[in-house]
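Residue numbers (this note's numbering), protein chains in the order written: chain A, 1 to 104; chain B, 1 to 167. Here is the structure we will look at, set down as structure tokens.
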Amino acid sequence: MLISNTQDIPGKTIVEFYGVVSGSTVRAKHIGRDIMASLKNVVGGELKGYTELLTEARGEAIRRMSRQAEEMGANAIVNVRFGTSSVAQGAAELFAYGTAVTVE
Amino acid sequence: MELLSLALTPALLLGAWLSGSWLERRHLKSLLLLESGSSDVLALTIEKLPPGWRVTSFDLVIGNVVISQDYFKRFAGALKGIVGGNIRVFEPLLERARREALIRMKNEARACGHDVIINVRIETTTLASSGSDGKGTAGVEILAFGTAISLDTSPRLLAGGVTANGV
Chain A
1 MLISNTQDIP GKTIVEFYGV VSGSTVRAKH IGRDIMASLK NVVGGELKGY TELLTEARGE
61 AIRRMSRQAE EMGANAIVNV RFGTSSVAQG AAELFAYGTA VTVE
Chain B
1 MELLSLALTP ALLLGAWLSG SWLERRHLKS LLLLESGSSD VLALTIEKLP PGWRVTSFDL
61 VIGNVVISQD YFKRFAGALK GIVGGNIRVF EPLLERARRE ALIRMKNEAR ACGHDVIINV
121 RIETTTLASS GSDGKGTAGV EILAFGTAIS LDTSPRLLAG GVTANGV
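See below:
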């Protein structure tokens, strides 16, 4: 699966459109990490636990989106965008969407 | 309990201020070093490829960082928020996070063997907000992503000898 956030696939031509494909996941870190993060919150700086959490979750959202595109018979996804929203304290929804296409 | 927290707050504020500013200085120093190390990857916000650029391979690259303000600055920011205006204590934090996210994106591009990133987008998300008193966790995620490409010629040569200044 070719994935790009540009209007088309660089160096290739789009021959067929399949429509929007998306993948999402909601993640929360276990309590230990949350306590670490709240301690880190006093001194400031990067919350590594949360960075990892979101990286993993975004990967999962991309995989789900790819699977959906595969089922449609597409071989590429163009114009991929991401959405992140915090649904509760310590939990976040990661959302990836794009247009499934066939390129040659 | 009330009395204890009253005594603790100034101590916590002072501790947060000292360690927070020390961590910030250290981060800024490391950013300078990392930025000079990642200057070989050109990050551009252009969407369309300039004519003459022939792409041999590409990958979607992502760099992210979740960062939080220290307790002292959150407190100061909340106070400043009452009167409004430019809340300067928050600016260095977001700038640091953006630079860090860009560096991570560039590192991923280099790991994939690419030297140019096009259509770079930067997004900011508030993960959790603190209360008006500056307590509670407050994380901001900065996400930088783009399409990393490999060209059959050097992009710096294609720019016609003009130094291309990326993000």
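Even for Gly, the Cβ is constructed at its ideal location relative to N, Cα and C.
- Message: For Val-83(B), report the span of its alpha helix (DSSP H) as first-last.
- Response: 71-83
- Along the region 37-56 of chain A, what residues have a CB closer than 7 Å to any CB found in chain B? Ala-37, Ser-38, Lys-40, Asn-41, Val-42, Val-43, Gly-44, Gly-45, Glu-46, Leu-47, Tyr-50, Thr-51, Leu-54 and Thr-55
- Which of helix, strand or coil does DSSP assign to Asn-86(B)? coil
- Message: Between which residues of its own chain and Gly-23(A) is the CB-CB distance below 8 Å, once the five residues before and five after are set aside?
- Response: Glu-60, Ala-61, Ile-62, Arg-63, Arg-64, Met-65, Ser-66, Arg-67, Gln-68, Phe-95, Ala-96 and Tyr-97
- Message: Does the region 79-89 of chain B come into contact with the region 99-118 of chain B, if we say contact requires no fewer than three beta-carbon pairs (one atom in each stretch) closer than 8 Å?
- Response: no
- Answer yes or no: does any C-beta atom of chain A fall closer than 8 Å to that of His-114(B)? no
- Compute the minimum distance between the beta carbon of Gly-23(A) and the heavy atoms of the ligand ATP, and state whether it is under 7 Å. With respect to the ligand ATP, the structure offers nothing, as it holds no ligand at all.
- Query: Looking only at DSSP bridge pairs, what is Tyr-50(A) linked to?
  - Reply: Partner(s): none; Tyr-50(A) has no beta bridge.
- Count the C-beta pairs between the region 40-59 of chain B and the region 1-21 of chain A that are closer than 8 Å, then say yes if the count reaches three, no if not. yes
- Pull up the DSSP beta-bridge partners for Thr-102(A), would you. Glu-16(A)
- Nearest candidate by alpha-carbon position, reference Ser-57(B), set Thr-126(B), Ile-122(B), Ile-118(B) and Thr-125(B): Ile-118(B)
- So with Cβ pairs under 8 Å, would you call Ala-92(A) a contact of chain B? yes
- Message: Short of 6 Å in beta carbon distance, which residues of its chain neighbour Ala-57(A), apart from the five on each side in sequence? Order them along the chain.
- Response: Thr-25, Arg-27 and Leu-94
- Just the Cα atoms here: how many angstroms apart are His-27(B) and Leu-94(B)? 12 Å
- Query: Start and end of the beta strand (DSSP E) containing Glu-141(B)?
  - Reply: 139-151
- Query: So which residues on chain B does Ser-66(A) lean against when the C-beta distance must stay under 7 Å?
  - Reply: In chain order: nothing, as chain B lies at least about 11 Å away.
- Query: Counting only runs that start and end within the region 93-120 of chain B, where is the beta strand (DSSP E) found for 3 or more residues in a row?
  - Reply: none
- Query: From what residue to what residue does the beta strand (DSSP E) around Leu-44(B) run?
  - Reply: Note, Leu-44(B): premise wrong, no beta strand (DSSP E); not H, not E.
- Message: Quick check: what's the CA-CA separation for Gly-134(B) versus Gly-84(B)?
- Response: Its pLDDT being 48, under 50, Gly-134(B) is placed unreliably by the model, and the measurement read from it follows with that caveat. Straight-line Cα distance between these residues: approximately 16 Å.
- Message: DSSP has Asp-59(B) in a bridge; who is on the other side?
- Response: Ala-148(B)
- Task: Excluding the 5 residues preceding and the 5 following Ile-62(B) in the sequence, name in chain order all residues of the same chain whose CB lies nearer than 6 Å to its CB.
- Result: Phe-145
- Taking the beta strand (DSSP E) that Gly-83(A) falls in, what are its first and last residues? 76-88
- Item | Alpha-carbon to alpha-carbon, Leu-13(B) and Val-116(B) | 44 Å
- Message: Alpha carbons only, please: which of Glu-70(A), Leu-53(A), Glu-16(A) and Val-43(A) is nearest the one belonging to Ser-86(A)?
- Response: Leu-53(A)
- Kindly indicate if chain B contains any beta-carbon less than 8 Å away from that of Ser-86(A). yes
- Taking the alpha carbon of Ala-76(B) as the point to measure from, which residue in Glu-24(B), Ser-36(B) and Arg-88(B) has its own alpha carbon closest? Arg-88(B)
- Task: Check the DSSP bridge columns for Leu-94(A) and list the partner residues they point to.
- Result: Thr-25(A) and Thr-84(A)
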